[in-house]
Every structure is written in C-alpha cells, then in structure tokens.
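Chemist: The opening position of the sequence shown corresponds to residue 588 in the working numbering, with each subsequent residue numbered one higher. Dropping a structure here in structure tokens format, bear with me for questions.
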Amino acid sequence: MSFISKAGIVLGLLGAHLACAAADFPSQPVTIVVPYSAGQIDVFTRALAKGLTDEWKHPVIVDNRAGGNEAVGADVVARAAPTGYTILIGTEASYVLNPLLFKKLSYNPQTQLAPVSLLVRAPLVFLASPKSAANSMKEVVDMAKSRGRDPVRYGSSGVGGVTHLPYAGLARDHGLTLIHVLYKGGAAVMQDLLAGHIESALLGAGLVSESFKAGKLKALAVSAPKRISALPNVPTIEEQGIPDINAIYTLGLAVPVGTPQDVIDKIAATAR
C-alpha cells in the first residue's frame with residue numbers, strides 16, 4: 588500500500604473519530620469559566636449552566652476565575668485542551684480590549700480562542716449612590732469640577748473594561764479628576780454603591796433595575812443612543828449634552844482554538 592493510500596485511510600479514520608466525538612458530546616462534565624466573582628455575569632452563567640445541564644444530561648460546572656480584566660479566566664481557557672469541555676464566558680474585554688490595553692498579555696485571543704456564540708448585547712446604566720447629590724451625569728461632571736481635592740469616586744469591575752473606559756473618557760474630555768475604585772465583580776460594585784462608599788458606577792440594567800425602582804439607587808443616564816424599555820424614564824447620556832460616551836456591553840462564549848467545529852456548533856446551538 589502506498590504512503591498516500593495509508594495517509595488517506597488515517598485521515599478518513601480521524602474524520603470519522605471527530606464526527607463521532609461531536610455526536611457524543613458531551614460525555615463528561617463541562618466547565619464554564621467565569622472571569623469574575625459574584626455579580627450579573629455569574630448569575631447569568633449559573634442559569635445558563637443549569638439549562639445546558641438539563642439539555643445535555645451531564646453536569647455543567649461554573650468556575651470563577653476573577654482578575655486581570657478577565658485575563659485570568661481567559662488564560663485558563665486558552666491553555667485548556669481543545670475538546671469543548673472548557674468554555675469561556677466573557678465580555679469584549681477578553682476578546683478585544685485586553686490586547687489593545689496591555690503590552691504583556693498571557694494569552695492571545697486571536698490565536699488561542701475560537702468564538703462560539705454571542706449571547707448578550709445591551710447598554711449599561713450610569714448610576715449614583717442614594718447619598719450622592721447628583722441626579723444626572725451632567726451634575727456628576729459639574730460636581731467633579733467643583734470638588735477640588737475631594738474627587739468623585741466611581742467603581743468598576745476591571746481596568747480597561749466597559750465599566751471603566753467611559754469614566755476615563757469622561758475625565759479626559761471634561762478635564763476631571765476622578766478616583767477609580769476597582770472591584771472583582773458587579774455585585775461588589777453595587778454593594779459599595781448602595782452603602783455610599785463610592786458615588787457612581789456603570790452597571791447592567793438587569794442588575795440594577797429592581798434597586799432603582801425600589802428607590803435604593805439613582806439611575807442617571809443610559810449608555811445608548813436611545814432610551815431602553817427596562818428604564819423608559821431614564822434619559823440617555825447624549826440627552827444630557829455629553830456625547831461619545833456610549834458603551835455597549837457584550838457577552839459571548841469561546842473555546843480553545845482547535846476545538847472541532849461540530850462541537851463548537853453544538854455548544855452554540857444549545858446555548859442559544
């Protein structure tokens with residue numbers, strides 16, 4: 588038998604094995620890595636994991652790996668075996684922002700992570716502590732300008748993330764001095780915001796709508812070109828005369844590069 592014939596048989600067997608692997612996936616527990624501690628993404632992922640567990644009849648485990656603006660969790664998945672059994676759920680920080688912000692990054696999203704599915708695309712809400720005097724983002728800007736040596740403190744869940752960069756842009760465009768307080772997740776941000784330890788933050792509408800409706804938080808502006816149905820009475824930041832600060836929050840799944848496409852397709856179809 589010629590070398591070419593043998594190679595053809597090997598490739599054929601390999602293709603049959605991959606097809607079989609995809610058909611049998613999953614045959615063991617699956618892990619979804621969350622690059623945050625407690626918060627909206629963690630809550631969302633645990634609901635997703637339950638749905639996948641019910642569908643696949645195999646456990647789907649949530650593994651929280653907070654830190655590094657999602658880089659810690661993304662690195663875990665980037666280095667995992669390309670089998671589909673380790674999945675990353677991350678925002679634009681994992682896939683787009685980190686390579687632009689950090690000279691040294693422990694993983695490369697372009698060469699080590701394969702996209703699976705976009706799950707969420709939504710605007711965020713600028714908030715104020717109930718103890719804050721500000722009732723709009725324009726008032727936050729005016730307050731920051733007048734405070735001198737007592738800067739406005741705001742919180743976010745990651746340096747260079749979508750909840751941090753809008754404030755950095757606001758400070759740059761308006762010549763403000765703001766203090767950035769860093770947290771490991773949105774739940775910790777909201778806890779300190781409610782307690783008045785920080786004065787402002789940018790969080791997802793789903794995380795804050797009940798607290799806003801109960802009068803526990805002030806919703807100052809929506810980070811979108813149009814108002815949103817969940818908070819119809821909250822103006823956009825552009826309505827308050829502050830342009831170019833829109834921020835859209837995205838959340839998607841990825842697996843290590845080299846994961847069979849049939850497995851990727853199966854994960855995507857089930858997750859949607």
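Glycine included, each C-beta is placed from N, C-alpha and C at the ideal position. Keep in mind it's a predicted model, so treat the numbers as computed, not measured.
Using the three-state DSSP reduction, which class does S743 fall into: helix, strand or coil?
Modeler: Walking along the sequence shown from the start, residue 743 turns up at place 156. It is a strand residue.
Chemist: Indicate the three-state DSSP secondary structure (helix, strand or coil) for R859 in the structure shown.
Modeler: Here residue 859 is taken as the residue at index 272 of the sequence shown, counted from 1. Coil.
Chemist: If distances are taken between C-alpha atoms only, which option among L789, G783 and G773 comes closest to A755?
Modeler: In the sequence shown, residue 755 corresponds to position 168, counting from 1. Checked all of L789, G783 and G773; the closest Cα to A755 is L789.
Chemist: According to DSSP, simplified to helix, strand and coil, what is T698?
Modeler: Within the sequence shown, the letter at position 111 stands for residue 698. Helix at T698.
Chemist: Would you kindly report the start and end of the unbroken beta strand (DSSP E) that includes K805?
Modeler: Position 218 of the sequence shown, counted from the first residue, corresponds to residue 805. Where K805 is concerned, the enclosing beta strand (DSSP E) stretches over K805 to V809.
Chemist: Excluding the 5 residues flanking S589 on each side, which residues of the same chain have their C-beta closer than 7 Å to its C-beta?
Modeler: By 1-based counting over the sequence shown, the position of residue 589 is 2. Only weak support is given to the placement of S589: the predicted model assigns it a pLDDT of 48, under 50, and the value that follows is read from those uncertain coordinates. Here the set comprises nothing.
Chemist: Have a look at G748, A758, V749 and T750 and flag the residue whose alpha-carbon is nearest the alpha-carbon of V739.
Modeler: Working through the sequence shown from its first residue, we reach residue 739 at position 152. Among G748, A758, V749 and T750, the Cα nearest to that of V739 is on A758.
Chemist: Between Q627 and G762, which are expected to be in contact by the criterion C-beta below 8 Å, what is the C-beta distance as a whole number of angstroms?
Modeler: Position 40 of the sequence shown, counted from the first residue, corresponds to residue 627. Position 175 of the sequence shown, counted from the first residue, corresponds to residue 762. Actually they are not in contact, since the Cβ atoms of Q627 and G762 sit about 32 Å apart, beyond 8 Å.
Chemist: Mark G595 as exposed unless 16 or more other C-beta atoms lie within 10 angstroms of its C-beta, in which case mark it buried.
Modeler: Locating residue 595 in the sequence shown gives position 8, where the first residue counts as 1. Residue confidence for G595 is low, a pLDDT of 48 falling below 50, so the modelled location carries little weight and cannot support an answer.
Chemist: So, do the segment 811-829 and the segment 643-663 have three or more beta carbon pairs nearer to each other than 8 Å?
Modeler: Contact fails: fewer than three Cβ-Cβ distances are below 8 Å.
Chemist: Buried or exposed: I766, going by 16 or more other Cβ atoms within 10 Å of its Cβ?
Modeler: Within the sequence shown, residue 766 is the residue found at index 179, counting from 1. Per the 10 Å Cβ criterion, exposed.
Chemist: Is P686 closer than 8 Å to V809 when the C-beta atoms are compared?
Modeler: Here residue 809 corresponds to residue number 222 of the sequence shown, with the count starting at 1. Here residue 686 corresponds to residue number 99 of the sequence shown, with the count starting at 1. Going by C-beta atoms, V809 is not nearer than 8 Å to P686.
Chemist: Would the beta-carbon of V821 fall within 8 Å of that of V712?
Modeler: On the sequence shown, residue 821 is found 234 positions in, with the first residue counted as 1. On the sequence shown, residue 712 is found 125 positions in, with the first residue counted as 1. Yes.
Chemist: Are at least three pairs of beta-carbons, each pair with one atom in the segment 674-688 and one in the segment 715-723, less than 8 Å apart?
Modeler: Output reads no: the segment 715-723 does not touch the segment 674-688.
Chemist: Taking S733 as part of the alpha helix (DSSP H), name the residues at either end of that continuous run.
Modeler: Position 146 of the sequence shown, counted from the start, is the residue given in the question as residue 733. Where S733 is concerned, the enclosing alpha helix (DSSP H) stretches over M724 to S733.
Chemist: Could you name the residues of the same chain whose beta carbon sits closer than 6 Å to that of L605, not counting the 5 residues immediately before and after it, in chain order?
Modeler: The residue labelled residue 605 in the question sits at position 18 within the sequence shown. With a pLDDT of 49 at L605, under the threshold of 50, the modelled position of this residue cannot be trusted; read the value that follows with caution. Answer for L605: P847, listed in chain order.
Chemist: Assuming V647 and I619 make a contact with CB atoms under 8 Å, what is their CB distance in whole Å?
Modeler: As a first step, residue 647 is located in the sequence shown; it is residue number 60 there, counting from the start. As a first step, residue 619 is located in the sequence shown; it is residue number 32 there, counting from the start. About 6 Å separates the two Cβ atoms, so the contact holds.
Chemist: By a C-beta neighbour count over all protein chains shown, 10 Å radius and 16 as the cutoff for buried, is G735 buried or exposed?
Modeler: Position 148 of the sequence shown, counted from the start, is the residue given in the question as residue 735. With fewer than 16 Cβ atoms within 10 Å of its Cβ, G735 is classed as exposed.
Chemist: With a threshold of 7 Å, establish whether the CB of Y770 neighbours any heavy atom of the ligand HEM.
Modeler: Absence of the ligand HEM from the depicted structure is noted, as is the absence of any ligand whatsoever, leaving it without description.
Chemist: I'd like the ranges of any alpha helix (DSSP H) spanning at least 4 consecutive residues and lying wholly in the segment 771-840.
Modeler: Entirely contained in the segment 771-840, the alpha helix (DSSP H) runs reaching 4 residues are, in chain order, 773-782 and 792-800.
Chemist: Let me know if L528 comes out buried or exposed under the rule of 16 or more other beta-carbons within 10 Å of its beta-carbon.
Modeler: Only positions 588 to 859 of the chain appear in the structure, and residue 528 is not among them; the question remains open.
Chemist: Is F631 helix, strand or coil by DSSP?
Modeler: On the sequence shown, position 44 is the one that residue 631 refers to. Here F631 sits in helix by DSSP.
Chemist: From S787, D849, K771 and V842, pick the residue whose C-alpha is nearest to that of M730; which is it?
Modeler: Against the sequence shown, residue 730 aligns to sequence position 143. Of S787, D849, K771 and V842, the residue nearest in Cα terms is S787.
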